[in-house]
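J.:
Protein chains: 2
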Amino acid sequence: MTRITAIEAIDVRYPTSRMLDGSDAMNPDPDYSAAVAVLHTNDDGLRGHGLTFTIGRGNELCVAAINALAPLVIGTTLEELTSDMAGLSRRLLGDSQIRWVGPEKGVVHLAAAAVINAVWDLWGKHAGKPVWQLVADLEPEALLATLDLRHITDAITPGEALDLLKDRARGKAQRRARLEREGYPAYTTSAGWLGYPDDKILRLTGEARSAGWNAIKIKVGRSLDDDLRRCALIRDALGADGRLMVDANQVWEVDQAIEWIRALSQFDLWWVEEPVHPDDILGHRRIIEAVDSVRIATGEHCANRVMFKQFLMADAIDVVQADGCRLAGLSEAMAVLLLAAKYNRPVCPHAGGVGLCEIAQHISMIDYLCFSATWEERMAEHAAHLHEHFVDPIRIEKGRYLAPHVPGISLEMKPASIAAHRYPNGAVWAQ
Amino acid sequence: MTRITAIEAIDVRYPTSRMLDGSDAMNPDPDYSAAVAVLHTNDDGLRGHGLTFTIGRGNELCVAAINALAPLVIGTTLEELTSDMAGLSRRLLGDSQIRWVGPEKGVVHLAAAAVINAVWDLWGKHAGKPVWQLVADLEPEALLATLDLRHITDAITPGEALDLLKDRARGKAQRRARLEREGYPAYTTSAGWLGYPDDKILRLTGEARSAGWNAIKIKVGRSLDDDLRRCALIRDALGADGRLMVDANQVWEVDQAIEWIRALSQFDLWWVEEPVHPDDILGHRRIIEAVDSVRIATGEHCANRVMFKQFLMADAIDVVQADGCRLAGLSEAMAVLLLAAKYNRPVCPHAGGVGLCEIAQHISMIDYLCFSATWEERMAEHAAHLHEHFVDPIRIEKGRYLAPHVPGISLEMKPASIAAHRYPNGAVWAQ
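Top line first, the protein sequences correspond to chains A and B. Position in the first sequence (first residue = 1) + 1 = the working numbering. Position in the second sequence (first residue = 1) + 1 = the working numbering.
See below:
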C-alpha cells in the first residue's frame, strides 16, 4: 500500500526580473517562482511533484502554507486519496482553522493547488499514465467523483454534470487520436512583454511567425499611445489572418477600460484580457455590454469556482482563463471546465510563468477529451521561458502542444535546477 | 521627526476551542488568534499597535506576511505615512511581487490590515486622540485623502465622495455629543454559539437581557430541527420586541439557503447572516429576491472594497458587515463605509474574535460621525470574551459601546498577555 510519509515544501525562484521577461502593467519586475510540494511515500521510487506559481516575494508564504496543510495529507494512502479526490479538496480547502485566512483564495488556496497537483502527479505515476490520459480514461461517474461541486450546485447539479460528462464522452477515442496526431492549438505571449522595446517585439513576432505561431498576445495598459503603436506594428507583422490578443493586467478602472478598448478595437483583437480588477464580475459585465464587438478574457487571478460560476452565470466573461495553480489544482480547474462547458464558453488556460504551461496542456487536453469536446475557439497559452528546468518539458510543434507521454502531471523539476534556484541559499541567489 | 525603525510581528493565540466559545457551522473549534504588528519608532515611548484576527492554524502565515510587508514601511516617517494614507494602502496592496499571492485578499490582505491599523494607532497616539475622534476631526478633503478609491470609481467618483462627506459633516458636533452621552448601539453574539447546549443558551440569553441587551445573534445551519428549536427558545426568552439574528456561516447551497430561511422566517428575524459562500454575490442576490421579507447580512469574509462594491451595486446585501481586519485595515473599511453610505445600506461591523470589538467600535463611531451620519438600523457586534487582554478594552453599558478615550485604535495588547499566549512557546501553549 502506497502511503504518504512526508511533504517537502521548497522555495524556488528564477531571477527573471533581470531581463524584464514577464513584465506587464501591474507586474513590472517579476521573479518567476514556484512553491514546490513533493509528496514522499513509503516507496522510495515513487514521489508526487506539484507546485504553485508566484512572481517572487510572497513565495515563502505559499511554502509555509504547504507546510500548514501537510498534516491533512501525511499518513493517508494513495488509494484513500484517489478514491475520493473531491474529499481531498474539501479537506484542504475546509480545514476549520486555516480556512479563515482564505477562504478558498490567496496564499492558502495557492498552496492547496501545489498539494493537489502533487497528488494527481502521484496518481499518474502510480498508474503509469500522463494525467490528461489518466483523467480521459475515467468513466463519467468516476470523473465526476473527483470534482467538489460545493457552492456551485445552483449552476449545475450533480445529475446535470453527469449527463454532460456522458454526452461529451462520445467520440472521445477519435478526439484522442486526433490530439496525439496534431497536438493542441496554442498561442504565444513571448513576443510582447511590456518592458520590451519595439525592435525586440518585432523581431520576436517575426521569429514566432516563422516557428508556426499565428496567434500572439501582447501587454498593454501603461500608455494608450504606446499601445496603439505596438498593436499597429504587430498587426502589420502578423497579417490580417493572425490572431492578436492584448492583456491589460487589471490596471484600468471600468469606464477607462471601455474607452481604451474602443480605441484599440480597430486592430481586430481576438480578445482583451484582464481589463479591470479580477474580482470585479459586474465590472466585466458592464465592459462586455459596452464593447460588444470585442471579447473579454479573464481568469488568471480568479480565485475559485464560486467566482467563475458568477462570471459565467452573469455573462461577464467571453474567454475563461482558468489557472491550475491559482485554482485549487487540477481538481478545481476541472470543476471550472465543467461550468464553462455548461455555459458554453471557451477555456483558454492561463500559462507562462514557471510550470504553468506544463499543467495548462493537461487542462486543455482534458477539456478537449472530457468536457467541451472541441478545440474550436480554444488555445492554450504558451511562453517560451524556463521549460529547461523540468524533467518532462512541454513540446511545441508549429504552434501546438504535443501530448505529453511521461507519467504524471509534468510539474517535476530537475534536482539540479531546484538546488541552484532555491531561495535564498541556492547558487543563483547566494552570489 | 518620528520614523518607523522596525516592525515586530507576533503570533498570539488563545485556546478558545477548549470551551467551544466561537463555534459555528463552518468553524467548529476556533482558537481565537491575532497576528500582531507593532511599529517601533525612533521615539522609545511611541509605538503603533495593530493586528489582524484569525482562528488558529494559519495565523503564522499572517505573521510571515507582516514580515514580508515590513520593508515597505520601515524607514518612512509618520508624517510621510499620515499625509498619504491612501498611498500607504496602494503600496501595501500593490507591491509588484507580493500582490500576485492575493491579489487584495487572503493572507497578504489580512497582514496589510495589521500594518495599516498599526499606522492608524501610531497616528492616534501621536495626536493624543482615539482614532474615531482623529478621523472625525479631519476635514472632508483630508478624510477623502485617506481612502484609496482604485477600482471603485465606477460606483463613486472622488467628486461624489467629497460631496457626500461634506454633506454628512453637517451636524457632526451634535452627533458627537450624543455619542459620548449615550454610547453606540450594539448587539451580542455571546449567547448562541453552535456548540452550546440549550440550557446554557437560555441562561446566557437571560443574563444578556438583564444586562440591557435586546438584540441577540445565534448560530444556525447544522440541523434545521435544532435551529427551529433554538430560535423558538430564544424568541420566547427575548420577547416580541427583541431583535433576533441568525448566522449560518456559509454552510448552505443557494437553493438550500432559500428553503432554510423560509422555514426560520416565522421567528421574525432581524437578519440572516452569511447564508452561502462569501464570494457568491449573485447567489446572495438570488436569495434576497426569493425571501424578500428577511434581510441578508454578509461581510466578515468579504475580501475587499471591490467585492463590497458589487454587493452594493447589485442589491445583493441588506446589512454590510465590514471587518476592519479582513479588509485592509481601517482605511479600506472606511472606503466601504463610503460605498455603503452612497448605496444607503447600514453597516453593522463584524466583531467578536479577539480585538475585533475593539476596532469595530471605532468603525461604527466613524460611520455615525462622518459617513452615514445615523445609527438607525445600525448596531456594532459584541462578544464578551478576551477583552481583558487589551490595554484599553471596550466598555459596554446597557448594550451600547461607550466611546473610547485613550489615544489610538484600541488594539494594543497587554505585554503579559502576549507573553503567555505567544504561539508556540508562551506558557499557555508550552504546557
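Yeah, the Cβ is synthetic: ideal placement off N, Cα and C, and Gly gets one too. Computed from a predicted structure; not experimentally measured.
Against chain A, does residue 56/B count as a neighbour if the rule is that its beta carbon must be under 8 Å from one of theirs?
T.: For this step, residue 56/B is matched to residue 55 along the second sequence. With 8 Å as the cut-off, residue 56/B counts as an interface residue toward chain A.
J.: Below 8 Å on the Cβ atoms is my guess for residue 123/B versus residue 79/B; work out the distance and round it to an integer in Å.
T.: Translated into positions along the second sequence, residue 123/B becomes position 122. Translated into positions along the second sequence, residue 79/B becomes position 78. Contact flag correct, Cβ pair sits at about 6 Å.
J.: Kindly list, in the order they appear in chain B, the residues whose Cβ is closer than 9 Å to that of residue 106/A.
T.: Indexing the first sequence from 1 puts residue 106/A at position 105. Ordered by position in chain B, the residues that pass the 9 Å Cβ test against residue 106/A are 103, 106, 107, 280 and 304.
J.: Could you run through the stretch 316-339 of chain A and flag, in chain order, every residue whose CB is less than 7 Å away from some CB of chain B?
T.: Answer in chain order: no residues at all.
J.: If you draw a straight line from the alpha carbon of residue 199/B to that of residue 231/B, how long is it in whole angstroms?
T.: Residue 199/B sits at position 198 when you count from the first residue of the second sequence. Residue 231/B sits at position 230 when you count from the first residue of the second sequence. Straight-line Cα distance between these residues: approximately 7 Å.
J.: Residue 152/A: buried (16+ other C-beta within 10 angstroms of its C-beta) or exposed?
T.: Translated into the one-based positions of the first sequence, residue 152/A becomes position 151. Its Cβ being crowded by 16 or more others within 10 Å, residue 152/A is buried.
J.: State the Cα-Cα distance for the pair residue 324/B and residue 384/A, rounded to the nearest angstrom.
T.: For this step, residue 324/B is matched to residue 323 along the second sequence. For this step, residue 384/A is matched to residue 383 along the first sequence. The alpha-carbon atoms of residue 324/B and residue 384/A are separated by roughly 40 Å.
J.: Check whether the Cβ atoms of residue 52/B and residue 173/B sit closer than 8 Å, and answer yes or no.
T.: Position 51 of the second sequence, counted from the start, is the residue given in the question as residue 52/B. Position 172 of the second sequence, counted from the start, is the residue given in the question as residue 173/B. No, they are not a contact pair.
J.: From the DSSP output, in three-state form, read off residue 48/B for me.
T.: One-based indexing of the second sequence puts residue 48/B at position 47. Residue state, collapsed to three classes: strand.
J.: Determine whether the beta carbon atoms of residue 328/B and residue 337/B lie at a separation below 8 Å.
T.: Reading the second sequence from its first residue, position 327 is the one you call residue 328/B. Reading the second sequence from its first residue, position 336 is the one you call residue 337/B. Yes.
J.: Looking only at its chain, what residues have a beta carbon closer than 6 Å to the beta carbon of residue 62/A, apart from the 5 residues adjacent to it on each side?
T.: One-based indexing of the first sequence puts residue 62/A at position 61. Taken in chain order, the residues that qualify are 108.
J.: If you measure from the beta carbon of residue 118/B to each beta carbon in chain A, is any gap under 8 Å?
T.: Position 117 of the second sequence, counted from the first residue, corresponds to residue 118/B. No, its Cβ sits nowhere closer than 8 Å to a Cβ of chain A.
J.: Can you tell me which of 134/A, 213/A and 189/A puts its alpha carbon nearest to the alpha carbon of residue 178/A?
T.: By one-based count along the first sequence, residue 178/A stands at place 177. Closest by alpha carbon: 134/A.
J.: Quick one: give me the first and last residue of the alpha helix (DSSP H) that residue 186/A is part of.
T.: As a working note, residue 186/A is residue 185 in the first sequence. Residue 186/A -> not in any alpha helix (DSSP H); beta strand (DSSP E) instead, spanning 185-193.
J.: Between residue 26/A and residue 354/A, what straight-line distance do the alpha-carbon atoms span, to the nearest angstrom?
T.: For the purposes of this step, residue 26/A is identified with residue 25 of the first sequence, where counting begins at 1. For the purposes of this step, residue 354/A is identified with residue 353 of the first sequence, where counting begins at 1. Cα to Cα, the separation comes out at about 16 Å.
J.: List the residues of chain B whose Cβ lies closer than 7 Å to the Cβ of residue 154/A, in chain order.
T.: Here the question's residue 154/A lines up with position 153 in the first sequence. The contacting residues are 254.
J.: Please classify residue 402/A: does DSSP put it in a helix, a strand, or coil?
T.: Position 401 of the first sequence holds residue 402/A. Three-state result, residue 402/A: strand.
J.: Decide if the stretch 158-168 of chain A is in contact with the stretch 375-395 of chain A; the criterion is three or more beta carbon pairs, one per stretch, under 8 Å apart.
T.: Too few Cβ pairs lie closer than 8 Å, so no.
J.: Considering only the alpha carbon of each residue, which of 148/B, 317/B and 189/B lies closest to residue 283/B?
T.: On the second sequence, residue 283/B is found 282 positions in, with the first residue counted as 1. Measuring from the Cα of residue 283/B, the nearest candidate turns out to be 317/B.
J.: So the beta strand (DSSP E) residue 109/B belongs to, where does it begin and stop?
T.: Here residue 109/B corresponds to residue number 108 of the second sequence, with the count starting at 1. Careful: residue 109/B lies outside any beta strand (DSSP E), inside the alpha helix (DSSP H) at 107-128.
J.: Taking residue 357/B and residue 306/B to be in contact with their CB atoms under 8 Å, please state how far apart those CB atoms are, rounded to whole angstroms.
T.: For the purposes of this step, residue 357/B is identified with residue 356 of the second sequence, where counting begins at 1. For the purposes of this step, residue 306/B is identified with residue 305 of the second sequence, where counting begins at 1. That belief does not hold up - the Cβ atoms of residue 357/B and residue 306/B are roughly 19 Å apart, past 8 Å.
J.: Ordered along the chain, which non-local residues of its own chain (more than five positions away) have a Cβ less than 7 Å from that of residue 223/B?
T.: Translated into positions along the second sequence, residue 223/B becomes position 222. Around residue 223/B: 26 and 195.
J.: Contact criterion: CB-CB distance below 8 Å. Does residue 232/B meet it with respect to chain A?
T.: By 1-based counting over the second sequence, the position of residue 232/B is 231. Answer no: the Cβ-Cβ gap between residue 232/B and chain A never drops below 8 Å.
J.: Pull up the distance between the alpha-carbon of residue 215/A and that of residue 236/A, whole angstroms please.
T.: As a first step, residue 215/A is located in the first sequence; it is residue number 214 there, counting from the start. As a first step, residue 236/A is located in the first sequence; it is residue number 235 there, counting from the start. Looking at the two C-alpha atoms, the distance is approximately 11 Å.
J.: When DSSP labels each residue in this structure, what does residue 12/B get in the three-state scheme?
T.: Within the second sequence, residue 12/B is the residue found at index 11, counting from 1. Strand.
J.: When the cut-off is 8 Å and only beta carbons count, does residue 134/A lie next to chain B?
T.: Translated into the one-based positions of the first sequence, residue 134/A becomes position 133. Cβ-Cβ to chain B under 8 Å: no for residue 134/A.
J.: With DSSP as the reference, identify every bridge partner of residue 246/B, one or two as the case may be.
T.: Stepping through the second sequence from its first residue, residue 246/B is reached at position 245. For residue 246/B, which the question treats as bridged, DSSP gives the partners 218/B and 272/B.
J.: Any C-beta of chain B sitting closer than 8 Å to the C-beta of residue 97/A?
T.: As a first step, residue 97/A is located in the first sequence; it is residue number 96 there, counting from the start. So yes, residue 97/A belongs to the interface.
J.: Kindly indicate which three-state DSSP category residue 40/B falls into: helix, strand or coil?
T.: Against the second sequence, residue 40/B aligns to sequence position 39. If DSSP states are grouped into helix, strand and coil, residue 40/B belongs with the strands.
J.: Could you tell me which chain A residues have their CB closer than 7 Å to the CB of residue 29/B, listed as they occur along the chain?
T.: Numbered from its first residue, the second sequence carries residue 29/B at position 28. Those are 97, listed as they occur along chain A.
J.: Hey, could you find the ends of the beta strand (DSSP E) residue 140/A is sitting in?
T.: As a first step, residue 140/A is located in the first sequence; it is residue number 139 there, counting from the start. Note, residue 140/A: premise wrong, no beta strand (DSSP E); not H, not E.
J.: Could you tell me how far apart the beta carbons of residue 149/B and residue 90/B are, in whole angstroms, since I believe they sit closer than 8 Å?
T.: Position 148 of the second sequence, counted from the start, is the residue given in the question as residue 149/B. Position 89 of the second sequence, counted from the start, is the residue given in the question as residue 90/B. Residue 149/B to residue 90/B, Cβ: 4 Å. Contact.
J.: Give the C-beta separation of residue 38/A and residue 75/A to the nearest angstrom, bearing in mind that I take them to be a contact with Cβ-Cβ under 8 Å.
T.: The residue given as residue 38/A occupies position 37 in the first sequence. The residue given as residue 75/A occupies position 74 in the first sequence. Actually they do not touch by this definition, with Cβ atoms about 12 Å apart.
J.: Of all the alpha helix (DSSP H) runs that stay within the bounds of the stretch 281-326 of chain B, which reach a length of 4 or more residues?
T.: Here the runs fully enclosed are 282-291 and 306-314.
J.: Go through its chain and collect everything with a Cβ distance to residue 242/A's Cβ below 8 Å, but skip five positions before and after it.
T.: Start at 1 with the first residue of the first sequence, and residue 242/A comes out as number 241. Cβ within range, chain order: 215.
J.: Please decide whether residue 111/A counts as near chain B, where near means a Cβ-Cβ distance under 8 Å.
T.: Position 110 of the first sequence, counted from the first residue, corresponds to residue 111/A. Yes, contact with chain B.
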